[in-house]
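**Student:** Before I ask anything, here is the structure I am working with.
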Amino acid sequence: MKIEFTGDVKGLLEKLKINPETVIVVRDDELLTDDVVLKNNDKIKVLSVISGG
1 MKIEFTGDVK GLLEKLKINP ETVIVVRDDE LLTDDVVLKN NDKIKVLSVI SGG
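Structure below.
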């Protein structure tokens with residue numbers, strides 16, 4: 001999916017209506033925290049967190 005967005009990871013997840021507790025966001029194999037500011041042409045992955053026991 002390609003979208004135009006300016007802001008941080010937290011803002012992006014809010015815009016996409018994704019609960020931040022259920023995903024991790026990765027850019028260039030680096031885990032991103034909620035306060036990381038995204039650049040215009042960033043390619044990121046939003047991955048579901050899976051846990052088991």
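Here the numbering used here is used: position 24 in the sequence shown is 24, and no number is missing along the way.
All residues carry an ideal CB built from backbone N, CA and C; glycine is no exception.
In this text the structure is predicted, and so the values were computed from the model without any measurement.
Given a cut-off of 9 Å, decide if D28 and K10 are closer than it, judged by their beta-carbon atoms.
**Tutor:** No, Cβ-Cβ distance for K10 and D28 is not below 9 Å.
**Student:** Give the single residue among M1, V25, K2, E4 whose Cα lies nearest to the Cα of S48.
**Tutor:** Ranking M1, V25, K2, E4 by Cα distance to S48 puts V25 first.
**Student:** Rounded to whole angstroms, what is the Cα-Cα separation between I3 and V46?
**Tutor:** Going from the Cα of I3 to the Cα of V46 covers about 13 Å.
**Student:** Between which two residues does the beta strand (DSSP E) carrying E21 extend?
**Tutor:** Looking at the DSSP string, E21 is not in any beta strand (DSSP E), and its letter there is neither H nor E.
**Student:** Of the choices I44, D8, T33, E21, whose alpha-carbon is the least far from that of K51?
**Tutor:** Correcting the residue type first, residue 51 is Ser in the shown sequence and not Lys. Looking at the Cα atoms, E21 is the closest of the given residues.
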